[in-house]
Amino acid sequence: HYFTSIFLFFSTGSGVAQNVTQDQPVIISQAGKVATLNCRYEISRNVHDYWIFWYKQLPSGEMTYIVHQYSEDRNERKGCYSVNFQKARKSISLTLSFFKLEHSAKYFCALWELTVFEVIGKAEQK
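Count the sequence shown with mature numbering (1 follows the signal peptide of the UniProt record, and there is no 0) and you get residues -17 to -1, 1 to 109, in order.
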């Protein structure tokens, strides 16, 4: 028997009003196993609605959307990816249920807040 080791590199971004951090910079997993990436975040004061997005960057440099989580929804799931969203803890994790070699990538957790200005702007659009 032989095992294929798979490396996941985790990257985060930050904005002026929010902060996104990661617990572990590199995850090493084996084909067929479960792998989980954790992300913690801070939101701006008086913000209630926000989205957290998961992306992966392929070795070619291409960024690929995986899944997103709205702050008022239940945990999202898309294919082999599932999200464990804990709003009270300001924490979200991405789990890959059946790891494959093609999942080797750099993963990004991103936060987008809906501000009052943006809500008003959307209400005015026709």
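Even for Gly, the Cβ is constructed at its ideal location relative to N, Cα and C.
Query: Please report the straight-line C-alpha distance between Leu41 and Cys92, rounded to a whole angstrom.; Result: 15 Å
Query: Can you tell which of His51, Val17, Ser43, Asn2 has its C-alpha closest to the C-alpha of Arg23?; Result: Asn2
Query: Cβ of Phe82 within 8 Å of Cβ of Val30?; Result: no
Query: Since Leu97 and Asp56 are thought to touch, with beta carbons under 8 Å apart, how far apart are those beta carbons, to the nearest angstrom?; Result: That pair is no contact at about 13 Å.
Query: Straight-line CA distance for Ser80 to Lys89?; Result: 17 Å
Query: Could you pull out every residue in the same chain whose Cβ sits closer than 6 Å to the Cβ of Phe36, ignoring the five residues on either side in sequence?; Result: His51, Ala93
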